[in-house]
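Participant:
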Amino acid sequence: MTKKIAILGSTGSIGTQALEVIDEHPDLFEAYALTAHNNAELLIQQAIKHNPEMVVIANEKKYEQVKEALKHLPIKVYAGSEAISQIVEAGPIDIVLTAMVGYSGLKPTIHAIKAGKAIALANKETLVVAGELIMNMAIEYRTPILPVDSEHSAIFQCISGEPNPIEKIILTASGGPFRNFSLEELKHVTKAQALKHPNWEMGAKITIDSASMMNKGFEVIEGKWLFDLQPEQIDVVVHPQSIIHSMVQFQDGGIKAQMGEPDMKLPIRYAFSYPYRLHAPNAPRMDFTQTTQLTFEQPDLKRFRNLQFAFEAMRTGGNMPCILNAANEIVVDAFLHEKIGFLQMSDIIEKVMEKGEFIAKPSYEDYVGTDAAIRQLTKELILN
Ligand code: NDP
Ligand code: MG
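Count along the sequence shown from 1, add 561, and you get the number used in our numbering.
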């Protein structure tokens, strides 16, 4: 019996690597559903190669193109964002890999949980926006949430089989391409510079988030929900080599770390095969004659204010992390369109967090409302 996997965002960085993992183990895994937003060409290629039961192209304008290209194959073709939330409920699906970007991952994840599917969670924004709601729902519907983010997978690997409670987790951060930049230098950083990450090849949005350290801030919030922690149980340490992917400290002071060459296929594989590890002869092996130093430093919250904002949003709770996420999606998009500078992203987020309407106990509808209102507010602040 193969595990049938739906990949939401199959044309992205995580999605394409997930298909490679499926290719490595055709005896274990099968791509049952693939979804993309705009990249119809790649979705068509993937569908022809993997022969899934169904595909979805979120951009409805591309429906005809995909439908026409796949008409000779027994593949169902759907279009639109709503269709993504529908197809995850298909009976045979075992695992839904959420590898879309941003807030768009929330609704399909909720549908998948309610349909009892295991979630391999790459889309961290889902937990940033609505962590409490998602984790409660996962308990109610008894669906595992298996982390794909490398840090959270590292923690998950450290606590696997471990009967003891976590004293704290220590998330490692590469520090990104601007780790040693002064505030003055950060002011003039270009889009091209920000899109070059020293250790990881990723989609554009998360690459900018990594450069601004919002990614690490989001991972702090993601960690709180995944591992049911209090804010003071989460530390961040900058570790430029990205060899230690994160650590767990136990109550006797002992620390476990998970390490290896940076390679997202390992956490993807682990989420698909948990609790087992798969034979991966082609996966990179550490060479300690080449890596001779592991170094650590404290994150600088004055230069990378986003990390501070994320800690604040987590402590405030309610819809504040949702406000943070919506503001961030808009400012990152504005930065990628060269409408604002690198440091302006944090300046605007700070204002939005002050002005956004706070809701202490948000419902799902409140999150939807907050997201829409904050996007609008952020756009207005960018124009003024
Ligand atoms: P990419 O930008 O490379 O890929 C995103 C995928 O989602 C693409 O298939 C894209 O479609 C699709 N997509 C984007 N927006 C929408 C939308 N509104 N509706 C439907 N589909 C959409 O991103 P990554 O793979 O880098 O990241 C995916 C998620 O995983 C993010 O949440 C990120 O934070 C997280 N993550 C990524 C890591 C990495 O190494 N890349 C590491 C840890 C976490 P198309 O291309 O067709 O337009
Ligand atoms: Mg990560």
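Glycine included, every Cβ here is placed at the ideal spot set by N, Cα and C.
Alpha helix (DSSP H) containing Y831: first to last residue?
Facilitator: Taking the first residue of the sequence shown as position 1, residue 831 is located at position 270. K826 to S834 is the extent of the alpha helix (DSSP H) around Y831.
Participant: So D848 and C883 are in contact, right, with Cβ under 8 Å, and what is the actual spacing, rounded?
Facilitator: The residue labelled residue 848 in the question sits at position 287 within the sequence shown. The residue labelled residue 883 in the question sits at position 322 within the sequence shown. With a Cβ gap of about 43 Å, D848 and C883 do not count as contacting.
Participant: Quick check: is any heavy atom of the ligand NDP less than 7 Å from the C-beta of T596?
Facilitator: Counting from one through the sequence shown, the residue named residue 596 turns up at place 35. Yes, the beta carbon of T596 sits closer than 7 Å to at least one heavy atom of the ligand NDP.
Participant: Is it right to say F857 is buried, meaning 16 or more other beta carbons lie within 10 angstroms of its own, or is it exposed?
Facilitator: What you label residue 857 is simply residue 296 of the sequence shown in a count that begins at 1. Flag for F857 reads exposed.
Participant: Quick check on the DSSP output: the beta strand (DSSP E) that includes F590 runs from which residue to which?
Facilitator: As a working note, residue 590 is residue 29 in the sequence shown. Run containing F590: F590 to A597, per the beta strand (DSSP E) assignment.
Participant: Going by the beta-carbon positions, is the gap between H800 and A715 smaller than 8 Å?
Facilitator: On the sequence shown, position 239 is the one that residue 800 refers to. On the sequence shown, position 154 is the one that residue 715 refers to. Cβ distance not < 8 Å, so H800 and A715 don't count as in contact.
Participant: In terms of residue numbering, what span does the alpha helix (DSSP H) encompassing S665 cover?
Facilitator: Indexing the sequence shown from 1 puts residue 665 at position 104. Unbroken run through S665: none, as it is neither H nor E.
Participant: Quick one: Cα of S711 to Cα of V582, how far?
Facilitator: As a position in the sequence shown, residue 711 is number 150, starting the count at 1. As a position in the sequence shown, residue 582 is number 21, starting the count at 1. When rounded, the distance between both Cα atoms is 15 Å.
Participant: Expressed to the nearest angstrom, what Euclidean distance is found between the alpha-carbon atoms of A681 and V809?
Facilitator: Here residue 681 is taken as the residue at index 120 of the sequence shown, counted from 1. Here residue 809 is taken as the residue at index 248 of the sequence shown, counted from 1. Approximately 21 Å, taken between the alpha carbons.
Participant: Can you list, in chain order, the stretches of the alpha helix (DSSP H) that have 4 or more residues and sit fully within the stretch 860-945?
Facilitator: Listed in chain order, they are 866-877, 881-897, 903-916 and 925-944.
Participant: Leaving out five residues on either side along the sequence, give the residues of the same chain with a beta carbon under 8 Å from the beta carbon of E926.
Facilitator: Counting from 1 along the sequence shown, the entry for residue 926 is found at position 365. There are no such residues.
Participant: Rounded to the nearest angstrom, what separates A683 and S743 at their Cα positions?
Facilitator: Position 122 of the sequence shown, counted from the first residue, corresponds to residue 683. Position 182 of the sequence shown, counted from the first residue, corresponds to residue 743. The straight-line gap from Cα to Cα measures roughly 31 Å.
Participant: If you follow the alpha helix (DSSP H) that F788 is in, where does it begin and where does it stop?
Facilitator: The count along the sequence shown starts at 1 and reaches residue 788 at position 227. First-last of the alpha helix (DSSP H) with F788: M775 to F788.
Participant: In angstroms with no decimal places, state the Cα-to-Cα distance between E621 and S571.
Facilitator: Working through the sequence shown from its first residue, we reach residue 621 at position 60. Working through the sequence shown from its first residue, we reach residue 571 at position 10. Near 17 Å, if we compare the C-alpha coordinates of S571 and E621.
Participant: For K623, collect the residues of the same chain with a Cβ closer than 8 Å to its Cβ; drop the 5 residues on either side in sequence, then sort them by chain order.
Facilitator: Taking the sequence shown and counting its residues from 1, one reaches residue 623 at position 62. N599, A601 and A640.
Participant: Work out the CA separation of I605 and E918 for me, nearest whole Å.
Facilitator: For this step, residue 918 is matched to residue 357 along the sequence shown. For this step, residue 605 is matched to residue 44 along the sequence shown. About 43 Å.
Participant: In chain order, what residues place their C-beta within less than 6 Å of a heavy atom belonging to the ligand MG?
Facilitator: Spelled out in chain order, the answer is D710, S711, E712 and E780.
Participant: Put M696 into one of helix, strand or coil per three-state DSSP.
Facilitator: Locating residue 696 in the sequence shown gives position 135, where the first residue counts as 1. Residue state, collapsed to three classes: helix.
Participant: Cβ-heavy atom distance between N843 and the ligand NDP below 7 Å?
Facilitator: One-based indexing of the sequence shown puts residue 843 at position 282. It does not: the Cβ of N843 is nowhere closer than 7 Å to a heavy atom of the ligand NDP.
Participant: Please check the pair E585 and L688, which I expect to be a contact at CB under 8 Å, by giving their CB distance rounded to whole angstroms.
Facilitator: The count along the sequence shown starts at 1 and reaches residue 585 at position 24. The count along the sequence shown starts at 1 and reaches residue 688 at position 127. That pair is no contact at about 28 Å.
Participant: Sort E780, Q794 and I804 by Cα distance to F870 and report the nearest one.
Facilitator: If you number the sequence shown from 1, residue 870 lands on position 309. Ranking the options by Cα distance to F870, first place goes to E780.
Participant: Just to confirm my understanding: we take I731, look at its own chain, exclude 5 residues before and 5 after, and list those with CB closer than 7 Å. What are they?
Facilitator: Within the sequence shown, residue 731 is the residue found at index 170, counting from 1. If we look at I731 and ignore the five residues flanking it on each side, its Cβ neighbours are D796, V798, S807, M808 and Q810.
Participant: Report yes or no: do three or more beta-carbon pairs, one from the stretch 723-738 and one from the stretch 694-705, lie closer than 8 Å?
Facilitator: Touching, no, given that fewer than three Cβ pairs across the two stretches are closer than 8 Å.
Participant: Looking at the ligand NDP, does it come within less than 7 Å of K766, judged from the CB to the closest heavy atom?
Facilitator: Taking the sequence shown and counting its residues from 1, the one referred to as residue 766 is at position 205. The answer is yes for K766.
Participant: Hey, which unbroken runs of the alpha helix (DSSP H) at 4 residues or more fall wholly within the stretch 610-639?
Facilitator: Listed in chain order, the complete alpha helix (DSSP H) runs (minimum 4 residues) inside the stretch 610-639 are 624-630.
Participant: Whose C-alpha, out of K564, A567, Q578 and L790, is nearest the C-alpha of G764?
Facilitator: Taking the sequence shown and counting its residues from 1, the one referred to as residue 764 is at position 203. Minimum Cα distance to G764 is reached at Q578.
Participant: In whole angstroms, what is the alpha-carbon distance linking A841 and G902?
Facilitator: Looking up residue 841 in the sequence shown gives position 280. Looking up residue 902 in the sequence shown gives position 341. Spanning the two alpha carbons is a distance of roughly 42 Å.
Participant: Output the boundary residues of the alpha helix (DSSP H) element that contains I645.
Facilitator: By 1-based counting over the sequence shown, the position of residue 645 is 84. Here the alpha helix (DSSP H) through I645 covers S642 to I648.
Participant: For I706, count the other beta carbons within 10 Å of its own beta carbon; 16 or more makes it buried, fewer makes it exposed. Which is it?
Facilitator: Position 145 of the sequence shown, counted from the first residue, corresponds to residue 706. Answer is buried; the Cβ neighbour count reaches 16.
Participant: By the DSSP assignment, the beta strand (DSSP E) with V809 in it spans what residues?
Facilitator: Against the sequence shown, residue 809 aligns to sequence position 248. Looking at the DSSP string, the run of the beta strand (DSSP E) that includes V809 is I805 to F811.
Participant: Where does D796 sit, in a helix, a strand or coil, going by DSSP?
Facilitator: Within the sequence shown, numbered from 1, the residue matching residue 796 stands at position 235. The answer is strand: DSSP assigns D796 an E or B state.
Participant: Exposed or buried, E625, counting other C-beta atoms within 10 Å across all chains shown (16 or more means buried)?
Facilitator: Taking the first residue of the sequence shown as position 1, residue 625 is located at position 64. So E625 ends up on the exposed side.
Participant: Give the secondary structure of Q819 by DSSP, where H, G and I count as helix, E and B as strand, and everything else as coil.
Facilitator: Counted from its first residue, the sequence shown places residue 819 at position 258. It is a strand residue.
Participant: Using a Cβ-Cβ cutoff of less than 7 Å, which residues in the same chain neighbour I645 once the five nearest sequence positions on both sides are dropped?
Facilitator: Numbered from its first residue, the sequence shown carries residue 645 at position 84. The residues are L569, T596, V617, A619 and P669.
Participant: Name the DSSP beta bridge partners of E858, please?
Facilitator: Position 297 of the sequence shown, counted from the start, is the residue given in the question as residue 858. E858 is bridged to V799.
Participant: Using only CA atoms, which one of I804, S642 and I700 lies nearest to T853?
Facilitator: Position 292 of the sequence shown, counted from the start, is the residue given in the question as residue 853. When each option's Cα is compared against that of T853, the closest is I804.
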